[in-house]
Amino acid sequence: MKTVQRLGKALMLPVAALPFAAILLGIGYWIDPAGWGDGNQIAAFLIAAGNAIIGNMPLLFVVGVSVGMADDNDGAAALAGLISWLLIQSILSPETIAMISKTPLEDVSAAFGKIDNVFIGIICGLIGAICYNRFKNTKLPDALAFFSGKRSVALVAGGVSVVTAMVLLFVWPLVYGGLVAFGTAIMSLGAVGAGIYGLFNRLLLPFGLHHALNSVFWFDVAGINDLENFWSNTGEYGVTGQYMTGFFPIMMFGLPGAALAMLHTAKDKQKKAAAGLLLSASFAAFLTGVTEPLEFAFMFLAPPLYVLHAVLTAVSMGVMAALPVRTGFNFSGGLIDLILCWKTPMAQNPWGVFIAGAAFFVIYYVLFRVIITKFNLKTPGREDEEEALKAEIKPTTSDKDFTAMAEQVLAGLGGAENIASLDNCITRLRVEVKESANVDEKAIKSAGVSGVIRPGKTSVQVIIGTQVQRVADEMRKLL
(Lines of atoms letter the chains of each structure in order from A and count residues from 1; the text may use other names and numbers.)
(Lines give C-alpha, C1' and ligand atoms only; values in the text may rest on other atoms or scores of the structure.)
Protein backbone atom coordinates (compact mmCIF):
# COMPACT_ATOMS: atom_id res chain seq x y z
CA MET A 1 0.00 0.00 0.00
CA LYS A 2 2.80 2.42 0.90
CA THR A 3 4.56 1.79 -2.41
CA VAL A 4 1.37 2.34 -4.40
CA GLN A 5 0.65 5.57 -2.52
CA ARG A 6 4.19 6.77 -3.14
CA LEU A 7 3.79 5.94 -6.82
CA GLY A 8 0.60 7.98 -6.86
CA LYS A 9 2.57 10.94 -5.53
CA ALA A 10 5.30 10.40 -8.11
CA LEU A 11 2.74 10.35 -10.92
CA MET A 12 1.73 13.89 -10.00
CA LEU A 13 5.18 15.17 -11.01
CA PRO A 14 4.70 14.62 -14.77
CA VAL A 15 1.01 15.52 -14.51
CA ALA A 16 2.13 18.93 -13.22
CA ALA A 17 3.54 19.64 -16.69
CA LEU A 18 0.13 19.30 -18.31
CA PRO A 19 -1.29 22.74 -17.41
CA PHE A 20 1.43 24.38 -19.51
CA ALA A 21 0.46 22.21 -22.47
CA ALA A 22 -3.18 23.08 -21.86
CA ILE A 23 -2.40 26.81 -21.97
CA LEU A 24 -0.49 26.49 -25.25
CA LEU A 25 -3.10 24.28 -26.92
CA GLY A 26 -6.03 26.22 -25.48
CA ILE A 27 -4.78 29.58 -26.78
CA GLY A 28 -3.86 28.01 -30.13
CA TYR A 29 -7.34 26.57 -30.59
CA TRP A 30 -8.94 29.84 -29.49
CA ILE A 31 -7.03 31.58 -32.29
CA ASP A 32 -7.76 28.97 -34.95
CA PRO A 33 -10.54 26.57 -33.83
CA ALA A 34 -11.38 25.44 -37.36
CA GLY A 35 -7.97 24.99 -38.96
CA TRP A 36 -6.23 23.54 -35.90
CA GLY A 37 -3.24 25.70 -36.76
CA ASP A 38 -3.42 25.51 -40.56
CA GLY A 39 -5.04 28.92 -40.81
CA ASN A 40 -2.81 30.89 -38.49
CA GLN A 41 0.95 30.84 -37.92
CA ILE A 42 0.77 31.81 -34.27
CA ALA A 43 -1.84 29.10 -33.63
CA ALA A 44 0.32 26.53 -35.42
CA PHE A 45 3.30 27.53 -33.29
CA LEU A 46 1.36 27.21 -30.01
CA ILE A 47 -0.38 23.95 -30.94
CA ALA A 48 2.90 22.36 -32.01
CA ALA A 49 4.48 23.43 -28.72
CA GLY A 50 1.60 21.97 -26.72
CA ASN A 51 1.68 18.71 -28.66
CA ALA A 52 5.39 18.39 -27.88
CA ILE A 53 4.36 17.79 -24.26
CA ILE A 54 1.18 15.78 -24.85
CA GLY A 55 2.79 13.61 -27.52
CA ASN A 56 5.67 12.63 -25.24
CA MET A 57 3.63 11.80 -22.17
CA PRO A 58 5.26 8.35 -21.67
CA LEU A 59 8.70 9.97 -21.48
CA LEU A 60 7.43 12.47 -18.94
CA PHE A 61 6.21 9.57 -16.83
CA VAL A 62 9.58 7.82 -17.12
CA VAL A 63 11.39 10.85 -15.75
CA GLY A 64 8.69 11.77 -13.22
CA VAL A 65 8.40 8.30 -11.72
CA SER A 66 12.18 7.80 -11.66
CA VAL A 67 12.77 11.03 -9.77
CA GLY A 68 9.65 10.82 -7.64
CA MET A 69 10.38 7.29 -6.42
CA ALA A 70 14.10 7.87 -5.84
CA ASP A 71 15.06 8.22 -2.17
CA ASP A 72 16.50 11.71 -2.61
CA ASN A 73 14.91 12.68 -5.95
CA ASP A 74 18.30 12.56 -7.69
CA GLY A 75 18.62 13.09 -11.44
CA ALA A 76 20.73 9.95 -11.78
CA ALA A 77 17.52 7.97 -11.31
CA ALA A 78 15.95 9.81 -14.25
CA LEU A 79 18.95 8.96 -16.45
CA ALA A 80 18.61 5.29 -15.48
CA GLY A 81 14.88 5.39 -16.25
CA LEU A 82 15.54 6.98 -19.64
CA ILE A 83 18.09 4.27 -20.52
CA SER A 84 15.56 1.64 -19.50
CA TRP A 85 12.95 3.24 -21.75
CA LEU A 86 15.25 3.42 -24.77
CA LEU A 87 16.35 -0.21 -24.39
CA ILE A 88 12.86 -1.62 -23.99
CA GLN A 89 11.47 0.48 -26.85
CA SER A 90 14.22 -0.74 -29.17
CA ILE A 91 14.08 -4.41 -28.17
CA LEU A 92 10.28 -4.64 -28.28
CA SER A 93 9.70 -2.55 -31.40
CA PRO A 94 7.66 -4.34 -34.09
CA GLU A 95 10.69 -4.39 -36.40
CA THR A 96 12.90 -6.09 -33.79
CA ILE A 97 10.16 -8.55 -32.85
CA ALA A 98 9.76 -9.45 -36.53
CA MET A 99 13.48 -10.25 -36.73
CA ILE A 100 13.49 -12.21 -33.48
CA SER A 101 10.43 -14.28 -34.35
CA LYS A 102 11.31 -14.61 -38.04
CA THR A 103 7.81 -13.50 -39.00
CA PRO A 104 6.57 -10.85 -41.44
CA LEU A 105 6.19 -7.41 -39.89
CA GLU A 106 2.45 -7.39 -40.56
CA ASP A 107 2.03 -10.59 -38.52
CA VAL A 108 3.63 -9.15 -35.37
CA SER A 109 1.20 -8.81 -32.45
CA ALA A 110 -0.51 -5.42 -32.31
CA ALA A 111 0.60 -5.21 -28.67
CA PHE A 112 4.14 -4.35 -29.74
CA GLY A 113 2.86 -1.46 -31.80
CA LYS A 114 1.61 0.03 -28.53
CA ILE A 115 4.73 -0.48 -26.46
CA ASP A 116 5.44 3.27 -26.25
CA ASN A 117 2.73 3.98 -23.69
CA VAL A 118 2.47 5.39 -20.19
CA PHE A 119 2.23 1.94 -18.59
CA ILE A 120 5.64 0.95 -19.96
CA GLY A 121 6.89 4.41 -19.05
CA ILE A 122 5.90 3.80 -15.43
CA ILE A 123 7.71 0.43 -15.46
CA CYS A 124 10.87 2.05 -16.82
CA GLY A 125 10.60 4.81 -14.24
CA LEU A 126 10.32 2.23 -11.47
CA ILE A 127 13.36 0.38 -12.81
CA GLY A 128 15.35 3.61 -12.75
CA ALA A 129 14.24 4.49 -9.21
CA ILE A 130 14.69 1.00 -7.74
CA CYS A 131 18.14 0.62 -9.27
CA TYR A 132 19.10 4.04 -7.96
CA ASN A 133 17.86 3.37 -4.43
CA ARG A 134 19.63 0.01 -4.33
CA PHE A 135 22.96 0.78 -6.02
CA LYS A 136 23.63 4.52 -5.54
CA ASN A 137 26.20 3.79 -2.82
CA THR A 138 27.83 0.77 -4.48
CA LYS A 139 31.61 0.52 -4.00
CA LEU A 140 33.60 -1.37 -6.64
CA PRO A 141 37.25 -2.49 -6.68
CA ASP A 142 39.84 0.17 -7.53
CA ALA A 143 40.11 -1.04 -11.13
CA LEU A 144 36.42 -0.31 -11.61
CA ALA A 145 36.18 2.63 -9.22
CA PHE A 146 35.04 4.97 -11.99
CA PHE A 147 31.74 3.08 -12.11
CA SER A 148 31.15 3.17 -8.35
CA GLY A 149 28.26 4.95 -6.70
CA LYS A 150 25.72 6.72 -8.88
CA ARG A 151 27.61 5.87 -12.08
CA SER A 152 26.75 2.23 -11.54
CA VAL A 153 23.01 2.92 -11.52
CA ALA A 154 22.62 3.37 -15.27
CA LEU A 155 24.60 0.20 -15.96
CA VAL A 156 22.51 -1.89 -13.59
CA ALA A 157 19.30 -0.38 -14.94
CA GLY A 158 20.40 -1.33 -18.47
CA GLY A 159 20.92 -4.96 -17.43
CA VAL A 160 17.61 -5.08 -15.57
CA SER A 161 15.86 -3.57 -18.59
CA VAL A 162 17.21 -6.23 -20.95
CA VAL A 163 15.84 -8.93 -18.65
CA THR A 164 12.57 -7.00 -18.32
CA ALA A 165 12.28 -6.80 -22.11
CA MET A 166 12.72 -10.58 -22.34
CA VAL A 167 9.89 -11.06 -19.84
CA LEU A 168 7.68 -8.50 -21.58
CA LEU A 169 8.24 -10.29 -24.87
CA PHE A 170 5.90 -12.99 -23.57
CA VAL A 171 3.94 -11.14 -20.89
CA TRP A 172 3.14 -7.85 -22.63
CA PRO A 173 0.74 -9.30 -25.22
CA LEU A 174 -1.23 -10.90 -22.36
CA VAL A 175 -1.19 -7.72 -20.26
CA TYR A 176 -2.12 -5.60 -23.25
CA GLY A 177 -4.97 -7.95 -24.10
CA GLY A 178 -6.28 -7.79 -20.55
CA LEU A 179 -6.09 -4.00 -20.40
CA VAL A 180 -7.82 -3.67 -23.74
CA ALA A 181 -10.52 -6.08 -22.59
CA PHE A 182 -11.06 -4.06 -19.41
CA GLY A 183 -11.17 -0.78 -21.31
CA THR A 184 -13.45 -2.28 -23.96
CA ALA A 185 -15.80 -3.56 -21.27
CA ILE A 186 -16.07 -0.10 -19.76
CA MET A 187 -16.43 1.57 -23.16
CA SER A 188 -19.10 -0.91 -24.14
CA LEU A 189 -21.11 0.18 -21.11
CA GLY A 190 -21.14 3.75 -22.41
CA ALA A 191 -22.51 6.20 -19.87
CA VAL A 192 -22.82 3.47 -17.22
CA GLY A 193 -19.13 2.67 -17.61
CA ALA A 194 -18.23 6.33 -17.15
CA GLY A 195 -20.35 6.34 -13.99
CA ILE A 196 -18.59 3.27 -12.61
CA TYR A 197 -15.25 4.93 -13.24
CA GLY A 198 -16.39 8.11 -11.48
CA LEU A 199 -17.56 6.16 -8.44
CA PHE A 200 -14.27 4.36 -7.90
CA ASN A 201 -12.28 7.49 -8.70
CA ARG A 202 -13.70 9.20 -5.62
CA LEU A 203 -13.74 6.11 -3.38
CA LEU A 204 -10.02 5.60 -3.98
CA LEU A 205 -9.14 9.25 -3.33
CA PRO A 206 -8.70 8.95 0.46
CA PHE A 207 -6.00 6.35 -0.10
CA GLY A 208 -4.26 8.25 -2.89
CA LEU A 209 -4.88 5.32 -5.27
CA HIS A 210 -7.14 7.13 -7.73
CA HIS A 211 -4.16 8.13 -9.89
CA ALA A 212 -3.61 4.50 -10.93
CA LEU A 213 -7.26 4.22 -11.99
CA ASN A 214 -7.07 7.52 -13.87
CA SER A 215 -4.13 6.31 -15.95
CA VAL A 216 -6.29 3.57 -17.49
CA PHE A 217 -8.89 6.00 -18.77
CA TRP A 218 -6.97 9.23 -19.34
CA PHE A 219 -3.79 7.84 -20.89
CA ASP A 220 -2.86 5.24 -23.49
CA VAL A 221 -2.75 2.21 -21.20
CA ALA A 222 -5.83 0.36 -22.43
CA GLY A 223 -6.37 2.22 -25.68
CA ILE A 224 -8.84 4.75 -24.22
CA ASN A 225 -6.38 7.67 -23.92
CA ASP A 226 -9.21 10.13 -23.30
CA LEU A 227 -7.03 13.04 -22.20
CA GLU A 228 -4.39 12.89 -24.91
CA ASN A 229 -6.91 12.20 -27.68
CA PHE A 230 -8.97 15.20 -26.58
CA TRP A 231 -6.08 17.66 -26.75
CA SER A 232 -4.33 16.19 -29.79
CA ASN A 233 -7.58 15.88 -31.80
CA THR A 234 -7.04 12.21 -32.53
CA GLY A 235 -10.19 10.97 -30.84
CA GLU A 236 -13.81 10.62 -31.93
CA TYR A 237 -15.94 13.75 -31.76
CA GLY A 238 -18.82 13.28 -29.37
CA VAL A 239 -17.12 10.38 -27.60
CA THR A 240 -13.67 11.57 -26.55
CA GLY A 241 -13.85 13.44 -23.27
CA GLN A 242 -16.56 11.31 -21.69
CA TYR A 243 -14.19 10.25 -18.89
CA MET A 244 -13.43 13.87 -18.00
CA THR A 245 -16.58 15.90 -18.64
CA GLY A 246 -18.55 14.65 -15.64
CA PHE A 247 -15.97 15.96 -13.19
CA PHE A 248 -16.62 19.60 -14.09
CA PRO A 249 -20.17 19.89 -12.62
CA ILE A 250 -18.97 18.24 -9.40
CA MET A 251 -15.74 20.14 -8.89
CA MET A 252 -16.98 23.55 -9.99
CA PHE A 253 -20.51 23.45 -8.58
CA GLY A 254 -21.44 20.32 -6.63
CA LEU A 255 -18.79 20.52 -3.94
CA PRO A 256 -19.24 24.29 -3.44
CA GLY A 257 -22.95 23.51 -2.97
CA ALA A 258 -22.01 21.00 -0.30
CA ALA A 259 -19.75 23.60 1.32
CA LEU A 260 -22.61 26.10 1.43
CA ALA A 261 -24.83 23.48 3.09
CA MET A 262 -22.16 22.80 5.69
CA LEU A 263 -21.76 26.52 6.31
CA HIS A 264 -25.52 27.07 6.71
CA THR A 265 -25.79 24.14 9.14
CA ALA A 266 -22.79 25.25 11.23
CA LYS A 267 -23.47 26.51 14.73
CA ASP A 268 -23.69 30.27 15.04
CA LYS A 269 -20.61 30.55 17.26
CA GLN A 270 -18.57 28.51 14.82
CA LYS A 271 -19.79 29.89 11.48
CA LYS A 272 -16.97 32.37 11.12
CA ALA A 273 -14.26 29.77 11.64
CA ALA A 274 -16.01 27.30 9.33
CA ALA A 275 -16.45 29.95 6.63
CA GLY A 276 -12.71 30.49 6.34
CA LEU A 277 -12.11 26.84 5.50
CA LEU A 278 -15.19 26.15 3.39
CA LEU A 279 -15.18 29.29 1.26
CA SER A 280 -11.48 29.20 0.43
CA ALA A 281 -11.66 25.48 -0.40
CA SER A 282 -14.74 26.07 -2.58
CA PHE A 283 -12.99 28.81 -4.51
CA ALA A 284 -10.04 26.50 -5.19
CA ALA A 285 -12.39 23.73 -6.36
CA PHE A 286 -14.30 26.07 -8.68
CA LEU A 287 -11.29 27.80 -10.18
CA THR A 288 -8.72 25.00 -10.40
CA GLY A 289 -10.58 21.75 -9.76
CA VAL A 290 -8.40 20.99 -6.72
CA THR A 291 -11.00 19.49 -4.41
CA GLU A 292 -9.00 17.66 -1.76
CA PRO A 293 -9.01 20.51 0.80
CA LEU A 294 -12.81 20.56 0.65
CA GLU A 295 -13.31 16.80 0.48
CA PHE A 296 -11.02 16.16 3.44
CA ALA A 297 -12.98 18.73 5.40
CA PHE A 298 -15.87 16.24 5.71
CA MET A 299 -14.43 12.93 4.50
CA PHE A 300 -13.56 11.66 7.97
CA LEU A 301 -15.89 13.85 10.00
CA ALA A 302 -18.91 12.49 8.14
CA PRO A 303 -18.06 9.39 6.03
CA PRO A 304 -21.67 8.88 4.83
CA LEU A 305 -21.48 12.26 3.12
CA TYR A 306 -18.33 11.24 1.29
CA VAL A 307 -19.97 8.03 0.07
CA LEU A 308 -22.87 10.18 -1.13
CA HIS A 309 -20.37 12.44 -2.87
CA ALA A 310 -18.84 9.43 -4.66
CA VAL A 311 -22.28 8.27 -5.80
CA LEU A 312 -23.20 11.75 -7.06
CA THR A 313 -19.89 11.90 -8.93
CA ALA A 314 -20.84 8.62 -10.62
CA VAL A 315 -24.22 10.10 -11.55
CA SER A 316 -22.58 13.20 -13.00
CA MET A 317 -20.09 11.14 -15.00
CA GLY A 318 -22.87 8.96 -16.37
CA VAL A 319 -25.26 11.81 -17.16
CA MET A 320 -22.65 13.96 -18.87
CA ALA A 321 -21.41 10.98 -20.89
CA ALA A 322 -25.00 10.39 -22.07
CA LEU A 323 -25.50 14.03 -23.06
CA PRO A 324 -23.96 15.69 -26.13
CA VAL A 325 -21.51 17.56 -23.89
CA ARG A 326 -17.76 17.01 -24.03
CA THR A 327 -14.97 18.92 -22.34
CA GLY A 328 -11.50 18.01 -21.22
CA PHE A 329 -8.77 19.08 -18.87
CA ASN A 330 -5.03 18.86 -18.55
CA PHE A 331 -4.95 19.46 -14.80
CA SER A 332 -8.39 19.14 -13.24
CA GLY A 333 -12.03 20.00 -13.79
CA GLY A 334 -12.02 23.69 -12.86
CA LEU A 335 -12.92 26.93 -14.58
CA ILE A 336 -9.40 27.51 -15.92
CA ASP A 337 -9.35 24.21 -17.80
CA LEU A 338 -12.93 24.71 -18.99
CA ILE A 339 -12.02 28.05 -20.55
CA LEU A 340 -8.88 26.63 -22.15
CA CYS A 341 -10.73 23.72 -23.77
CA TRP A 342 -13.78 25.76 -24.82
CA LYS A 343 -12.79 26.06 -28.48
CA THR A 344 -10.74 22.90 -28.89
CA PRO A 345 -11.96 20.78 -31.82
CA MET A 346 -13.11 17.95 -29.54
CA ALA A 347 -15.16 20.22 -27.26
CA GLN A 348 -18.90 19.73 -27.70
CA ASN A 349 -21.45 22.11 -26.16
CA PRO A 350 -19.19 23.00 -23.20
CA TRP A 351 -21.82 25.48 -22.01
CA GLY A 352 -23.79 22.42 -20.88
CA VAL A 353 -21.42 22.17 -17.92
CA PHE A 354 -23.00 25.28 -16.41
CA ILE A 355 -26.53 23.91 -16.75
CA ALA A 356 -25.57 20.56 -15.24
CA GLY A 357 -23.47 22.35 -12.65
CA ALA A 358 -26.41 24.45 -11.49
CA ALA A 359 -28.47 21.28 -11.04
CA PHE A 360 -25.72 19.54 -9.07
CA PHE A 361 -25.19 22.64 -6.93
CA VAL A 362 -28.82 22.41 -5.82
CA ILE A 363 -28.72 18.61 -5.41
CA TYR A 364 -25.57 18.73 -3.28
CA TYR A 365 -26.87 21.61 -1.20
CA VAL A 366 -30.26 20.02 -0.47
CA LEU A 367 -29.00 16.49 0.20
CA PHE A 368 -26.08 17.60 2.34
CA ARG A 369 -28.20 20.00 4.37
CA VAL A 370 -30.98 17.47 4.97
CA ILE A 371 -28.63 14.63 5.89
CA ILE A 372 -26.42 16.79 8.13
CA THR A 373 -29.35 18.09 10.15
CA LYS A 374 -31.31 14.83 10.24
CA PHE A 375 -28.40 12.71 11.47
CA ASN A 376 -26.56 15.51 13.31
CA LEU A 377 -23.31 14.89 11.45
CA LYS A 378 -20.24 16.66 12.82
CA THR A 379 -19.25 18.60 9.72
CA PRO A 380 -17.06 21.72 10.05
CA GLY A 381 -18.70 24.16 12.42
CA ARG A 382 -20.87 21.51 14.10
CA GLU A 383 -18.36 20.14 16.60
CA ASP A 384 -19.41 19.68 20.19
CA GLU A 385 -18.97 22.74 22.36
CA GLU A 386 -15.93 21.30 24.13
CA GLU A 387 -14.23 20.51 20.83
CA ALA A 388 -15.26 23.86 19.40
CA LEU A 389 -13.62 25.60 22.34
CA LYS A 390 -10.43 23.71 21.66
CA ALA A 391 -10.68 24.58 17.98
CA GLU A 392 -10.88 28.25 18.82
CA ILE A 393 -7.46 28.22 20.47
CA LYS A 394 -5.82 25.90 17.94
CA PRO A 395 -4.92 28.07 14.96
CA THR A 396 -1.87 29.93 16.23
CA THR A 397 -0.28 29.93 12.77
CA SER A 398 -1.02 32.65 10.24
CA ASP A 399 -1.78 31.58 6.68
CA LYS A 400 1.55 32.87 5.41
CA ASP A 401 3.76 31.76 8.32
CA PHE A 402 4.82 28.49 6.75
CA THR A 403 7.86 28.12 8.99
CA ALA A 404 5.73 28.18 12.12
CA MET A 405 3.26 25.76 10.57
CA ALA A 406 6.09 23.40 9.62
CA GLU A 407 7.45 23.56 13.18
CA GLN A 408 4.04 22.71 14.66
CA VAL A 409 3.42 19.87 12.24
CA LEU A 410 6.90 18.46 12.82
CA ALA A 411 6.43 18.62 16.59
CA GLY A 412 3.11 16.79 16.24
CA LEU A 413 4.81 14.09 14.19
CA GLY A 414 7.17 13.39 17.05
CA GLY A 415 10.02 15.68 16.06
CA ALA A 416 12.76 15.36 13.48
CA GLU A 417 14.13 12.21 15.09
CA ASN A 418 10.83 10.42 14.43
CA ILE A 419 10.74 11.15 10.67
CA ALA A 420 11.82 8.30 8.40
CA SER A 421 10.87 9.98 5.11
CA LEU A 422 9.01 13.06 3.90
CA ASP A 423 7.27 13.59 0.57
CA ASN A 424 4.41 15.71 -0.69
CA CYS A 425 1.90 15.73 -3.51
CA ILE A 426 -0.33 18.61 -4.63
CA THR A 427 -2.24 19.01 -1.36
CA ARG A 428 -0.77 16.73 1.30
CA LEU A 429 2.39 15.82 3.14
CA ARG A 430 3.16 12.09 3.00
CA VAL A 431 5.28 11.10 5.97
CA GLU A 432 6.74 7.84 7.21
CA VAL A 433 7.43 7.89 10.94
CA LYS A 434 9.62 5.57 13.01
CA GLU A 435 7.29 5.32 16.01
CA SER A 436 3.57 5.82 15.41
CA ALA A 437 2.94 6.23 19.14
CA ASN A 438 4.87 9.51 19.06
CA VAL A 439 2.41 11.10 16.62
CA ASP A 440 0.01 13.60 18.19
CA GLU A 441 -2.83 14.29 15.76
CA LYS A 442 -4.27 17.07 17.90
CA ALA A 443 -0.94 18.86 17.89
CA ILE A 444 -0.71 18.51 14.10
CA LYS A 445 -4.22 19.90 13.65
CA SER A 446 -3.34 22.83 15.89
CA ALA A 447 -1.18 24.10 13.02
CA GLY A 448 -4.34 24.85 11.06
CA VAL A 449 -4.14 21.92 8.62
CA SER A 450 -7.25 20.56 6.88
CA GLY A 451 -6.92 17.02 8.23
CA VAL A 452 -4.73 14.10 9.24
CA ILE A 453 -5.10 10.52 8.01
CA ARG A 454 -3.26 7.34 8.97
CA PRO A 455 -3.30 4.97 5.96
CA GLY A 456 -0.75 2.63 7.58
CA LYS A 457 0.90 1.86 10.90
CA THR A 458 3.79 4.23 10.26
CA SER A 459 2.25 6.32 7.47
CA VAL A 460 0.82 9.77 8.14
CA GLN A 461 -0.73 12.10 5.59
CA VAL A 462 -1.24 15.74 6.57
CA ILE A 463 -3.76 17.57 4.40
CA ILE A 464 -2.61 21.16 3.95
CA GLY A 465 -3.87 22.38 0.57
CA THR A 466 -2.23 23.91 -2.46
CA GLN A 467 0.46 25.59 -0.31
CA VAL A 468 1.79 22.20 0.80
CA GLN A 469 5.05 22.62 -1.14
CA ARG A 470 6.03 25.65 0.93
CA VAL A 471 5.33 23.83 4.19
CA ALA A 472 7.24 20.77 2.95
CA ASP A 473 10.22 22.96 2.02
CA GLU A 474 10.28 24.48 5.50
CA MET A 475 10.05 21.04 7.10
CA ARG A 476 12.99 19.80 5.05
CA LYS A 477 15.03 22.71 6.35
CA LEU A 478 14.12 21.74 9.90
CA LEU A 479 15.10 18.14 9.22
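Take 0 as the starting number for the sequence shown in numbering that gives the first Met the number 0 and just add one per residue.
Every residue gets a Cβ at the ideal spot worked out from N, C-alpha and C, and that includes glycine.
Cβ-based neighbour list, residue i, same chain, cut-off 6 Å, excluding 5 preceding and 5 following
i	result
GLY67	ALA9, LEU12
GLN460	ARG427, ARG429, ILE452
TYR305	MET298
GLN466	none
GLY411	ASP439, ALA442, ILE443
TYR28	LYS342, THR343
ASN423	VAL467, ALA471
PHE295	SER449, GLY450, ILE462
Member of the options whose CA lies at the smallest distance from the CA of residue i
i	options	result
PRO344	LEU125, LEU6, VAL324, PRO140	VAL324
PHE246	GLN88, SER315, ALA79	SER315
PRO379	ASP267, SER147, ASN200	ASP267
PRO103	LEU477, GLU94, ALA405	GLU94
GLY447	TYR363, CYS130, ALA273, SER331	ALA273
GLY196	PRO205, VAL215, THR372	It should be noted that the sequence gives Tyr, not Gly, for residue 196. Ranking PRO205, VAL215, THR372 by Cα distance to TYR196 puts VAL215 first.
PHE19	ILE335, GLY38, LEU143, SER458	ILE335
ILE462	VAL289, CYS340, GLY27	VAL289
ALA257	PHE60, CYS340, LEU366, LEU139	LEU366
ARG150	ARG133, SER108, VAL161, GLY112	ARG133
ALA21	LEU204, GLN40, ASN50, ASN39	ASN50
ALA436	THR457, TYR236, PHE181	THR457
TRP171	GLU294, ASN348, GLY112, GLY237	GLY112
LEU167	ALA321, LEU204, GLU105, ALA110	ALA110
LEU376	SER187, GLY455, LEU262	LEU262
ILE90	TYR363, GLY25, ASP115	ASP115
SER83	GLY148, ASN136, LEU154, SER108	LEU154
PRO349	VAL361, TYR364, GLY333	GLY333
ALA313	TYR242, ASN417, LEU198, PRO255	LEU198
ASN136	ALA142, VAL152, ILE185	VAL152
Close Cβ partners of residue i (< 7 Å) along its chain, the five nearest in sequence each way excluded
i	result
ARG469	PHE401
GLY464	PRO292, THR426, SER449
GLY237	PRO323, ARG325, GLN347
Contact under 7 Å by Cβ, residue i with residue j
i	j	result
GLY158	PRO57	no
ILE30	ALA48	no
GLY127	ALA97	no
GLU431	ALA419	yes
ALA193	GLY74	no
THR326	GLY413	no
TRP230	ILE122	no
VAL62	ALA76	no
ARG381	ALA260	no
ALA405	MET474	yes
VAL117	PHE181	no
SER160	LEU86	yes
GLY148	SER65	no
Beta-carbon proximity list for residue i, same chain, < 8 Å, skipping 5 on both sides
i	result
PRO248	SER315, MET319, VAL352, ALA355, GLY356, ALA358, PHE359
ASN213	ASN200
ALA415	LEU409, LEU477, LEU478
VAL107	PRO93, ILE96, ALA97, SER100
LEU178	PHE118, VAL215, VAL220, ALA221, GLY222
Counterpart residues of residue i in DSSP-defined beta bridges
i	result
ASP115	ASP115 pairs with nothing; no bridge assigned.
MET422	With the sequence shown as reference, residue 422 is identified as Asp, and Met is not the correct amino acid for it. Answer is ARG429.
GLN347	ARG325
VAL461	LEU428, VAL451
Through-space distance from residue j to residue i, alpha-carbon basis
i	j	result
ALA164	ALA190	37 Å
GLN88	LEU307	44 Å
THR396	ALA471	With a pLDDT of only 44 at THR396, under the threshold of 50, the placement of this residue in the model should not be trusted, and no figure is reported.
LEU300	LEU421	26 Å
PHE252	ALA284	8 Å
GLU227	LYS270	43 Å
THR264	MET250	21 Å
ASN224	LYS373	43 Å
ILE338	THR244	13 Å
TRP217	ASN329	10 Å
ALA309	ASP70	34 Å
ILE371	LEU203	23 Å
GLY38	LEU24	15 Å
PRO394	SER281	The pLDDT assigned to PRO394 is 41, lower than 50, so where the model puts this residue is not dependable, and the model offers no usable value.
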